[in-house]
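In case it helps, the numbering used here puts the sequence shown at residues 5 to 290.
Working notes, structure below.
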Amino acid sequence: MLALGFGLTAALLWAVHDLLARKLSQGAALLPILVLVLGAGTLGLLPVAVALGGWERMTWPAGGVAALSGLTFAVAIGGLYKAFSLAPVRVVAPVVGAYPLLILLTAVAQGRPVSGGDWLAVLAIVIGITIVAVAARDDAPEGYAASPGVAMAWAALAALGFAATFGLAQEATRLGSELPVMLVGRIVALAAILSLLVWHRGSLAPQRGHFGVLGLMGLLDALALGLVTASGGLPRAEYASVASSLFGVLTVLLAAWFLKERVRPVQWAGIACVFGGIAVLGLLGT
Numbered sequence: 005m006l007a008l009g010f011g012l013t014a015a016l017l018w019a020v021h022d023l024l025a026r027k028l029s030q031g032a033a034l035l036p037i038l039v040l041v042l043g044a045g046t047l048g049l050l051p052v053a054v055a056l057g058g059w060e061r062m063t064w065p066a067g068g069v070a071a072l073s074g075l076t077f078a079v080a081i082g083g084l085y086k087a088f089s090l091a092p093v094r095v096v097a098p099v100v101g102a103y104p105l106l107i108l109l110t111a112v113a114q115g116r117p118v119s120g121g122d123w124l125a126v127l128a129i130v131i132g133i134t135i136v137a138v139a140a141r142d143d144a145p146e147g148y149a150a151s152p153g154v155a156m157a158w159a160a161l162a163a164l165g166f167a168a169t170f171g172l173a174q175e176a177t178r179l180g181s182e183l184p185v186m187l188v189g190r191i192v193a194l195a196a197i198l199s200l201l202v203w204h205r206g207s208l209a210p211q212r213g214h215f216g217v218l219g220l221m222g223l224l225d226a227l228a229l230g231l232v233t234a235s236g237g238l239p240r241a242e243y244a245s246v247a248s249s250l251f252g253v254l255t256v257l258l259a260a261w262f263l264k265e266r267v268r269p270v271q272w273a274g275i276a277c278v279f280g281g282i283a284v285l286g287l288l289g290t
């Protein structure tokens, strides 16, 4: 059950990170924020990985898979921040948090057995996302910078990226060593976002007073991803990926409390369906 504990801790860390992301991303240039967040996380991880890293166990295949996980993570975090810049947490979080659905579909493609309970959980997730999407049509325009459909499309891209990131990072950990895998992935993700910033000739100057918050966000995100990646060597590592996806419901609760984002009863019902289905997947060990 250690993998489950790692996943739940990661969920809490990501919930705080995403609350801050929603707050800072509205009306702001996203690439500089992403570079600073990823840079802070990489700098925080660097001394730990160098000192404790088990580099002697790293192989070229492990490094290659870790690099791929970095590219998918760049896609995931980019989609996440874009979605949060466009719509409230109640719309974005259930879609992003549904990435275990993609993990299940990957398991099916690999020929792993899937139970009827798994498919019922998938049905609950799909119904919940549908409720959230339909209910968003009746939302007041406050808090939206684009239509709910556009925001949910970015959130779906983030979910796809997170599912790929966790799968690739855990596979790289099995082939090599967890801390080097994490560092390689972080460096590749940072390089990818930084390249986009340079290509767009952007500036790295955030609003005054945001440096400390962005640094904290980077550390929270790095620690959360590190917990999920480190679980790759534990029994039932998939528990960590599934449990960590519960960050979405925590983020909705934090946003309702701190950002005063109103959630209507029908939206709570949809959110409950999504994360209830995710919890069932976790209990079934998918």
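We treat Cβ as the ideally placed atom computed from N, Cα and C, and that holds for glycine.
Cα-Cα separation, V54 to I131: 45 Å
C-alpha distance - L16 paired with G206, whole-angstrom precision: 32 Å
Three-state class that DSSP yields for H214 in the structure shown: coil
Cβ shell of A155 (< 7 Å), same chain only, five flanking positions each side left out: A87, L90, A91, V95 and V96
Test: R94 CB closer than 9 Å to a CB of chain D: No chain D is present in this structure, which holds just one protein chain.
Within 9 Å, strictly: CB atoms of G189 and A71: yes
Option in L38, D22, D122 and R116 with minimal Cα separation from P98: D22
Pairwise C-alpha distance: E60 and Q271: 50 Å
Unbroken alpha helix (DSSP H) run spanning D22, endpoints: L6 to S29
Element boundaries [alpha helix (DSSP H), containing A178]: The question names Ala, but residue 178 in the sequence shown is Arg. R178 -> alpha helix (DSSP H) spans P152 to L179.
G165 to G45 span [Cα, whole Å]: 18 Å
Reference T177; option with closest CA among L8, L12, R268 and M62: M62
Exposure label - L183; buried when at least 16 CB within 10 Å: buried
Assigned exposure category for W158 - 16 Cβ within 10 Å defines buried: buried
Per-residue DSSP class, three states only, for P98: helix
Cβ-based burial, F215 [other Cβ within 10 Å; buried from 16]: exposed
Cβ-based burial, A140 [other Cβ within 10 Å; buried from 16]: buried
Cα-Cα separation between L208 and Q174, rounded to whole angstroms: 32 Å
Any beta strand (DSSP E) of 3 or more consecutive residues that is wholly inside the stretch 191 to 275: none
Neighbourhood of A66 by C-beta distance below 7 Å, restricted to the same chain and skipping five residues each side: A176, L179, G180 and V185
Nearest to I37 (by Cα), restricted to the options L198, L47, W18 and L263: L198
Rounded separation between R240 and E146 - CA only: 43 Å
Minimum C-alpha distance to G83 - residue among A162, S248, F77 and V20: A162
Residue environment, R268, which counts as buried when at least 16 other CB atoms sit within 10 Å: exposed
7 Å Cβ shell around G286 - same chain, five flanking residues per side excluded: Y243, V246 and A247
Backbone CA spacing between L194 and L187 [nearest angstrom]: 10 Å
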